[in-house]
Amino acid sequence: MSTLADDRTTPLTAASSDACGVVATARVRAAHNGRTTILPLLSGDGPFHLQRLRPRGDLARVDVIGAMSGPLGGDRLALHTDVGPRARLRITSAASTIALRGPTEDAATYDIRLTVGDDATLHWLPRPLISTAGSNLRQTCTVDLALTARLILRDEQVLGRTGETSGRLSTRLTVRRAGRPLLDQHTGYGDPHPAWDGPAVVGAHRACGQLLVVDPSLTPGAFPPVLLGDPGTEAQGVLAPLAGPALLATVVADTATGLRRLLDEALRRALTP
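Its first residue numbered 62, the sequence shown is counted upward by one per residue in our numbering.
Encoded structure:
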């Protein structure tokens with residue numbers, strides 16, 4: 062995800078702008094050249110500026126930096142990442158993505174597509190998405206994993222800035238492994254989604270998120286569910302196995318800081334033998 066916080070007068074390059082808003086797609090491709098991971102394609106577009114960071118060993122790193130405000134109502138944004146066989150890639154963002162009210166009531170869309178090949182690894186670790194009052198965003202994240210691929214994916218939402226309610230936010234995370242469904246989750250926040258702030262969803266909490274770890278070395282069913290945090294505290298969650306070599310942590314919290322603390326704890330537990 063990207064931080065989209067600067068003035069909307071930033072010139073568009075390959076992106077197009079029409080009555081519906083900005084239309085832009087950024088692309089990243091990682092490949093293994095027999096010695097290390099390289100980045101043969103790093104194409105920013107519209108609000109997405111992709112910065113190549115210093116690698117750590119054979120782990121290539123890319124940071125997504127925002128170049129304009131958004132996503133605004135009517136924008137059509139996409140970020141596609143392809144990690145080839147044996148490649149290892151980590152994608153982060155410089156700061157939070159901020160969904161804002163736009164000149165139209167039409168929803169903005171943000172389409173994330175991640176493909177990870179055989180014996181490849183992807184760490185998808187953006188900063189939170191902030192849904193501000195009056196915004197309207199539909200975000201989809203579709204992940205296709207090879208049978209021997211590894212994935213660490215973190216997804217965080219902050220529902221409104223200080224003192225304001227959430228905008229309208231719809232998120233869908235779909236993960237397939239070797240072509241078979243591993244996880245398909247759809248959640249809606251803010252009006253008019255029913256009961257989104259009821260006790261069965263986020264209640265009074267205004268930060269929520271999840272961490273997904275997929276690793277062929279995990280034994281399905283061997284990891285018992287673990288409660289994260291303490292009942293009645295500002296952050297609570299659970300780390301549980303999926304029907305496959307995968308673990309999913311789901312957390313709600315009062316603040317983004319509390320959310321990240323428990324998601325980091327979940328990652329430590331998931332990676333501890």
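Positions of the beta carbon are idealized from the N, C-alpha and C atoms, including for glycine.
In this text, all values refer to a predicted model and were calculated from it rather than measured experimentally.
Query raised in the report: On the premise that Leu102 lies in contact with Arg88, defined as a C-beta separation below 8 Å, what is that separation, rounded to the nearest angstrom?
Result: Reading the sequence shown from its first residue, position 27 is the one you call residue 88. Reading the sequence shown from its first residue, position 41 is the one you call residue 102. Rounded, the Cβ-Cβ distance is 6 Å, consistent with contact.
Report task. Pull up the CB-CB distance for His184 and Arg237, whole angstroms please, since I reckon it's below 8 Å. Result -> Position 123 of the sequence shown, counting from 1, holds the residue named residue 184. Position 176 of the sequence shown, counting from 1, holds the residue named residue 237. Not confirmed; about 19 Å, so no contact.
Query raised in the report: Given Gly195, which residues of its chain have a CB within under 7 Å of its CB, disregarding the five upstream and five downstream residues?
Result: Position 134 of the sequence shown holds residue 195. Contacts found: Arg162, Gly228.
Query raised in the report: Hey, Pro189 and Thr153 are a contact pair by Cβ (cut 8 Å); roughly how many whole angstroms apart?
Result: Looking up residue 189 in the sequence shown gives position 128. Looking up residue 153 in the sequence shown gives position 92. No, Pro189 and Thr153 are not in contact; Cβ-Cβ is about 12 Å, not under 8 Å.
Query raised in the report: Helix, strand or coil for Arg147 per DSSP?
Result: Working through the sequence shown from its first residue, we reach residue 147 at position 86. Three-state DSSP puts Arg147 in coil, outside helix and strand.
Query - Cβ shell of Ser192 (< 6 Å), same chain only, five flanking positions each side left out - result: Locating residue 192 in the sequence shown gives position 131, where the first residue counts as 1. Answer for Ser192: Ala160, Leu220, Ser227, Gly228, Leu230, listed in chain order.
Query raised in the report: With distances taken between CB atoms, is the gap from Pro146 to Asp106 smaller than 8 Å?
Result: Taking the first residue of the sequence shown as position 1, residue 146 is located at position 85. Taking the first residue of the sequence shown as position 1, residue 106 is located at position 45. No; because the gap between Cβ atoms is not below 8 Å, this pair is not in contact.
Report task. Go through its chain and collect everything with a Cβ distance to Gly282's Cβ below 8 Å, but skip five positions before and after it. Result -> Within the sequence shown, residue 282 is the residue found at index 221, counting from 1. The residues are Pro302.
Report task. Mark Gln112 as exposed unless 16 or more other C-beta atoms lie within 10 angstroms of its C-beta, in which case mark it buried. Result -> Position 51 of the sequence shown, counting from 1, holds the residue named residue 112. By the neighbour-count rule (16 or more Cβ atoms within 10 Å), Gln112 is not buried but exposed.
Query raised in the report: Taking the C-alpha atoms as reference points, what is the distance between Asp67 and Thr158?
Result: Along the sequence shown, one-based indexing puts residue 67 at 6. Along the sequence shown, one-based indexing puts residue 158 at 97. With a pLDDT of only 34 at Asp67, under the threshold of 50, the placement of this residue in the model should not be trusted, and no figure is reported.
**Report entry** Complete runs of the beta strand (DSSP E) confined to the stretch 107 to 186 [at least 3 residues]
**Finding:** Secondary structure within the stretch 107 to 186: the beta strand (DSSP E) runs of 3 or more consecutive residues, fully enclosed, are 109 to 117, 120 to 127, 137 to 144, 149 to 154, 158 to 160, 169 to 177, 182 to 186 (chain order).
Requested in this report: State the DSSP-derived secondary structure class of Arg322, mapped to helix, strand or coil.
Outcome: By 1-based counting over the sequence shown, the position of residue 322 is 261. The answer is helix: DSSP assigns Arg322 an H, G or I state.
Report task. State the beta-bridge partners of Ser302 as determined by DSSP. Result -> In the sequence shown, counting from the first residue as 1, residue 302 sits at position 241. A small correction: the amino acid at residue 302 is Pro; Ser does not occupy that position in the sequence shown. Partner(s): Leu308.
Requested in this report: Give the straight-line distance between the Cα atoms of Thr168 and Leu234, rounded to the nearest whole angstrom.
Outcome: The residue you call residue 168 lines up with position 107 of the sequence shown. The residue you call residue 234 lines up with position 173 of the sequence shown. Reading the sequence as shown, one finds Ala at residue 168 and not Thr. Cα to Cα, the separation comes out at about 18 Å.
Requested in this report: Have a look at Pro306 and Pro116 and give me their C-alpha separation to the nearest angstrom.
Outcome: Taking the first residue of the sequence shown as 1, we reach residue 306 at position 245. Taking the first residue of the sequence shown as 1, we reach residue 116 at position 55. Distance between the alpha carbons of Pro306 and Pro116 is about 28 Å.
Requested in this report: Return the Cβ separation of Leu300 and Pro286 in integer angstroms, given the expectation that the two are a contact with Cβ distance under 8 Å.
Outcome: As a first step, residue 300 is located in the sequence shown; it is residue number 239 there, counting from the start. As a first step, residue 286 is located in the sequence shown; it is residue number 225 there, counting from the start. Their Cβ separation, rounded to whole angstroms, is 7 Å, which keeps Leu300 and Pro286 in contact under 8 Å.
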